[in-house]
Amino acid sequence: MKKKAMRLAVGIILAVFAAAVPGFGADKDTLVVGVSSDVHTLDPAVSSDNYDWRQIYPAYDRLVKYKVVNGEGSTEVEPMAAESWTVSPDSLTWTFKIRKGIKFDDGTPLDAKAVKFSFDRVLKIGKGPADNIGAVKAVDVVDDATVKITLKSAFGPFLQTLATDAASIVNPNVMKNEKAGDLAQAWLAQNMDGSGPYKMTDWSRGERFVLTAKDNYWGPKPKVKKVIVRFMRESSDQRMALESGDIDIAEGILIDQIPALEKNANIVVGRYPSQLVEYVYLNCQVPKLQNKLVRQALNAAVDYPGIINHVLRGNGVQMLGPVPKGMWGHKADVFQYKRDVAKAKELLKQAGAEKLDLTLIYSERRPSWEQIATILQSNFADIGVNLKLELMANPTLREKIDRGDFELCLGAWSPDYADPSMFMNFWFDSNNFGLPGNRSRYKNEQVDDLVRKALAMSDVKQRVALYNQAQDIIMQDAPYIFLYQTQTIVPMRKSVKGYVYNPMLESMYNFESISKE
Amino acid sequence: MRILSYILKRLFYLIPVLLGVTLLVFVISHAIPGDPARMMAGQKASREAVDNLRRSMGLDRPLPEQYLKYVAGLVQGDLGFSIRNQRPVMEDILDFFPATLELTLVSMILCVSVGVPLGIISAVRRNRPIDHVSRVFSVFGVSMPVFWLGLMLLLLFYRNLGWLPGSGRLDIGLDPPAHATGLYLIDTLLAGSADKFRNALLHILMPAFCLSYVYLAIITRIVRSSMISVMGLDFITTARANGIAETVITLKHCLKNSLIPTVTITGLSIGELLGGAILTETIFNWPGMGKYVVDSVNFLDFPAIMGFTLVVSFVYVMINLAVDVVYAFLDPQIRY
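Protein chains in written order, with the working numbering: chain A, 96 to 612; chain B, 2 to 337.
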């Protein structure tokens, strides 16, 4: 009897183990992406999070999309749901011709009415995404295939904002699911209704999100039929799954594990210059930092190459001016600080601020911050500045930034659309004090004037000239310490082809044009 | 009958306990500086967008009003609306709790089915080689950091040997079973899918072992020490003198009398595990309550934090009650 039971137990264990399945990566029709953050809401009018956009974006069409030039992402746009457009001489009225034959899943045509509905909905709801298309004053239906958008004032980057997630065109029939006047927000938080190349077929919270290609998509047919976004928070978990072939792309592998991954012949590590920058806000309103000589001294104390080599292991470049490399309006010859201890000391002496005590606040939002803070502390000690470090929870940090309750603070920023105003106007316009962008509470009327003028123009050359002028003043005023521009690192299996990185679509993927060999 | 009235009395006490918990959590979570509307609105949101959000979520109302509204909702079974996930907290908990429950149950089964026999053997064969081995095994368990153990298990059995699948509740390509209980091991069987059941079972082995190891070690040690102390008592000597078989003495007389501390520890462990084992869930990518609450705290999602605390407190109180009732069965001297 005992023996029989034993045999049965061994039999069951063997049967269970025998079924251990090999890697999933062999399936050419399915792409699996390992990501570190879950999805929260699917409503393009509510979400301001790239991790949500990763799923929302491929399920919707927009009037325009970013161009791909020679297999590389660019910041220029080209027609998508709009076939063509014209703009009035005062740059205030834009008229779009909409492509015929695009339909939502229930057969409703994507027409001028749908465009008007979507834009009106985002603006009426008025949450984060409304800022992205905030230049829009009114949307009018001219006829089924023509829509006219009127702007509040001329806005240089308007076309670029139409390629953001906020400008996704939603089926007007979602209103059937409206509850208590919520403009279908509760329904769209968990459902999608777009005309894009993919639709959602499974969302198991905390586990995976599945997008399935539509057979009748009007544009080029997607090559992978199914995309599985797998939520895996641990870097080492992602690494093991990538090496075992269970996932095809891994998004959240820590920088110190990359060199080991590169030795694996089945894995390609892509490095792309991103527009994500890290910098230090110097609060210009606190008495200790009001004198620009002190801010210049702090800028001159920092060991920029040291930080890049130590913290990023070389995966980044020093920022030259506030507009990063790769964004038009970047000024390569702008004055930039480099480490010069003697000069920094001299500047502090001139300012009468020797023996200065300052406090730097930061959170754990980015793994790099702890290391940067320590390096800054030692760099500043060299010029006689005693820097106290204060680590706090991210929501608390954000609250302090918004109130201006800090001296120095670490920050990271990436643009939502391809326009230098994402840096020049957000960071320096004194109307944007606090979290909206001007986090160092910097006020210079001349700069205010220049950046505001530049924002209201559409002529690129004139805008660049104005921004350049502002950049020269800013570098002397030194309201921030510009540290570096990061590289986005995307490790993937060798079999994945056609991935295009676009700095405007950080953590998002061109699923529709990726294929597997 | 007396036990029934005892249970009813304890259930009645539940109401002030839970109300106290909500008030405490409400006050503490609102004392943290930070603004959930700002977290939700995104990195660069304008003042208007943040204000709109704050108003639409009712966060602009005075705190006492927000609290009363919350409690009023609670009475109707409404746990509030998650700021981050933009849906009722109850739906979130129904999505995340079953994963934790399943992991806890499997871990506890492992704990008790291995820990108790190991404790008995150790006690009976005190100071013999098997006792030493089992003690080393348990000291190892109590002192091993879970994240290290988890990573090593994954590295060995998943990546290097390929015997067990990696993280998650099912293989990446498999669709989850139709939602009946939320416990994949049961849902897959209900759906009649033997393959998926096998897959879910393989997936739960490593995280369950990892989670159970610490408690397993504690249970082994407790069973051993309480068995040893019972074995030295007079009634055991009497039983032996009466010629009762050694197996009967060990299993019936000693074990039953040494179970009270074991039941206490098991009850507490279940309560603790149901709150979500954050490290194990993170390493094995297990979509349970631990991960959910950490994300909610990072986001200042007050309703989610409160809903979670409420559920965990409720579970704790219920388990404590169950433990007290079991005492009465184990030891006739205990009366309520």
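For every residue, glycine included, the Cβ atom is placed at its ideal position computed from N, Cα and C. Please read all numbers here as calculations on a predicted model, not as lab measurements.
Checklist entry - Could you give the residue range of the beta strand (DSSP E) that holds ALA323 (chain B)? => result Annotation for ALA323 (chain B): no beta strand (DSSP E) segment contains it, though the alpha helix (DSSP H) segment containing it runs 303 to 331.
Next on the checklist: Between which residues of its own chain and ALA573 (chain A) is the CB-CB distance below 8 Å, once the five residues before and five after are set aside?
Outcome noted: Result list for ALA573 (chain A): LEU377, LYS387, ARG390, GLN391, LEU393, ASN394 and TYR432, in chain order.
Next on the checklist: Measuring straight from C-alpha to C-alpha, what distance separates GLY74 (chain B) and GLY221 (chain A)?
Outcome noted: When rounded, the separation of the alpha-carbon atoms in GLY74 (chain B) and GLY221 (chain A) is 27 Å.
Item to check | Minimum Cβ-Cβ distance from LEU152 (chain B) to chain A less than 8 Å | outcome: Under the Cβ distance rule, LEU152 (chain B) counts among the residues neighbouring chain A, one pair being separated by less than 8 Å.
Next on the checklist: Report the start-end ranges of each alpha helix (DSSP H) in the segment 519 to 552 of chain A that is 4 residues or longer and not cut off at the edges.
Outcome noted: Runs of alpha helix (DSSP H) with 4 or more residues, each lying fully within the segment 519 to 552 of chain A, are found at 540 to 550, listed in chain order.
Checklist entry - Does DSSP classify LEU503 (chain A) as helix, strand or coil? => result Strand.
Checklist entry - Comparing alpha-carbon positions, which option in B:LEU269, B:LEU80 and B:ALA179 lies nearest ILE219 (chain B)? => result Considering only alpha carbons, the answer is B:LEU269.
Checklist entry - Looking at the structure shown, is LYS420 (chain A) part of a helix, part of a strand, or coil, going by DSSP? => result DSSP places LYS420 (chain A) in coil when its eight states are reduced to three.
Checklist entry - Can you find at least 3 beta carbon pairs, one from the segment 19 to 33 of chain B and one from the segment 308 to 320 of chain B, that sit closer than 8 Å? => result Using a C-beta cut-off of 8 Å, the segment 19 to 33 of chain B makes contact with the segment 308 to 320 of chain B, since at least three inter-stretch Cβ pairs fall below that distance.
Item to check | Cβ-based neighbour list, PRO515 (chain A), same chain, cut-off 7 Å, excluding 5 preceding and 5 following | outcome: Residues VAL418, MET422, TRP423, GLY424 and TYR562 of the same chain have their beta carbon placed closer than 7 Å to that of PRO515 (chain A), with the five preceding and five following residues left out of the count.
Checklist entry - Taking Cβ to Cβ, would you say GLU178 (chain A) is nearer than 8 Å to LYS192 (chain A)? => result Result yes, Cβ atoms of GLU178 (chain A) and LYS192 (chain A) sit closer than 8 Å.
Next on the checklist: Using only CA atoms, which one of A:ILE496, A:SER458 and A:VAL429 lies nearest to PHE577 (chain A)?
Outcome noted: Out of A:ILE496, A:SER458 and A:VAL429, A:VAL429 has the C-alpha closest to the C-alpha of PHE577 (chain A).
Next on the checklist: Can you pull out the residues from the segment 49 to 62 of chain B whose beta carbon lies closer than 7 Å to at least one beta carbon of chain A?
Outcome noted: For the segment 49 to 62 of chain B, which is checked against every Cβ of chain A, the residues closer than 7 Å are GLU49, ALA50, ASN53 and LEU54.
Item to check | Amino acids of chain B, ordered along the chain, whose beta-carbon sits closer than 7 Å to that of THR136 (chain A) | outcome: Here the neighbours are ASN86 and GLN87.
Checklist entry - DSSP state of ASP452 (chain A), grouped into three classes? => result In the structure shown, the three-state DSSP call for ASP452 (chain A) is strand.
Checklist entry - Exposed or buried, what is LEU191 (chain B) when buried is set at 16 or more other beta-carbons lying within 10 Å of its beta-carbon? => result That one is exposed.
Item to check | Chain-ordered neighbours of LYS222 (chain A) on chain B, where CB pairs are closer than 7 Å | outcome: ALA42, ALA50, ASN53 and LEU54, listed in chain order.
Next on the checklist: Between the alpha carbons of LEU158 (chain A) and ALA284 (chain A), how many angstroms are there, rounded?
Outcome noted: In this structure, the CA atom of LEU158 (chain A) is about 22 Å from the CA atom of ALA284 (chain A).
Checklist entry - Taking LEU156 (chain B) as the reference, which of B:SER144, B:MET207 and B:VAL107 has the closest Cα? => result For LEU156 (chain B), the nearest C-alpha among the options comes from B:MET207.
Item to check | Any C-beta of chain A under 8 Å from that of ALA46 (chain B) | outcome: ALA46 (chain B) has a beta carbon lying within less than 8 Å of a beta carbon in chain A.
Checklist entry - So, using beta-carbon positions, are SER259 (chain B) and VAL231 (chain B) closer together than 8 Å? => result Yes. Within cutoff.
Checklist entry - chain A beta carbons: is any one of them nearer than 8 Å to that of PRO288 (chain B)? => result It does; some Cβ of chain A falls within 8 Å.
Checklist entry - With a CB to CB cut of under 8 Å and the five nearest residues on each side skipped, what residues in its chain are close to ASP215 (chain A)? => result Sequence-distant partners of ASP215 (chain A) (beyond 5 residues in either direction) whose C-beta falls short of 8 Å from its own C-beta, in its chain, are VAL234.
Item to check | Cα-Cα separation between MET487 (chain A) and ASN299 (chain B), rounded to whole angstroms | outcome: Answer to the nearest angstrom: the Cα atoms are 11 Å apart.
Checklist entry - Could you give the distance in angstroms between the alpha-carbon of LEU12 (chain B) and the alpha-carbon of VAL90 (chain B)? => result Cα to Cα, LEU12 (chain B) sits roughly 24 Å from VAL90 (chain B).
Checklist entry - In terms of DSSP beta bridges, what is ALA308 (chain A) paired with? => result Beta-bridge partners assigned by DSSP to ALA308 (chain A): A:TYR293.
Item to check | Given LYS253 (chain B) as reference, the closest of B:THR265, B:VAL264 and B:ILE237 once Cα atoms are compared | outcome: Checked all of B:THR265, B:VAL264 and B:ILE237; the closest Cα to LYS253 (chain B) is B:ILE237.
Checklist entry - Between the segment 140 to 152 of chain B and the segment 282 to 299 of chain B, do at least 3 Cβ pairs fall closer than 8 Å? => result Yes, they touch.
Checklist entry - Roughly how far, in whole angstroms, is the beta-carbon of GLY35 (chain B) from the beta-carbon of PRO490 (chain A), given that I think they are within contact range, below 8 Å? => result Cβ-Cβ separation between GLY35 (chain B) and PRO490 (chain A): approximately 3 Å, consistent with a contact (criterion under 8 Å).
Checklist entry - Could you give the uninterrupted runs of the beta strand (DSSP E) lying entirely in the segment 360 to 395 of chain A, keeping only those of 3 residues or more? => result Inside the segment 360 to 395 of chain A, DSSP marks whole beta strand (DSSP E) runs of 3 or more residues at positions 362 to 377, from first to last along the chain.
Checklist entry - Closer than 8 Å, CB to CB, is SER108 (chain B) near chain A or not? => result It does not; no Cβ of chain A falls within 8 Å.
Checklist entry - Rounded C-beta distance between ASP343 (chain A) and LEU126 (chain A)? I'm assuming under 8 Å. => result Cβ-Cβ separation between ASP343 (chain A) and LEU126 (chain A): approximately 5 Å, consistent with a contact (criterion under 8 Å).
Checklist entry - Would MET599 (chain A) pass as a contact of TYR512 (chain A) if the rule is Cβ separation under 8 Å? => result Their beta carbons are under 8 Å apart, which means MET599 (chain A) touches TYR512 (chain A) by this criterion.
Item to check | Among A:LYS211, A:ALA230, A:LEU254 and A:LEU137, nearest to GLU171 (chain A) - alpha-carbon criterion | outcome: Measuring from the Cα of GLU171 (chain A), the nearest candidate turns out to be A:LEU254.
Next on the checklist: What are the residues in the segment 329 to 355 of chain A lying within 8 Å of chain B by C-beta distance?
Outcome noted: When C-beta distances to chain B are compared with 8 Å, the residues of the segment 329 to 355 of chain A below that value are GLU329, SER331, ASP332, MET335, ALA336, GLU338, SER339, ASP341 and ILE342, in chain order.
Next on the checklist: Let me confirm a value: SER108 (chain B) is counted as buried when at least 16 other C-beta atoms fall within 10 Å, else exposed. Which label applies?
Outcome noted: SER108 (chain B) comes out buried.
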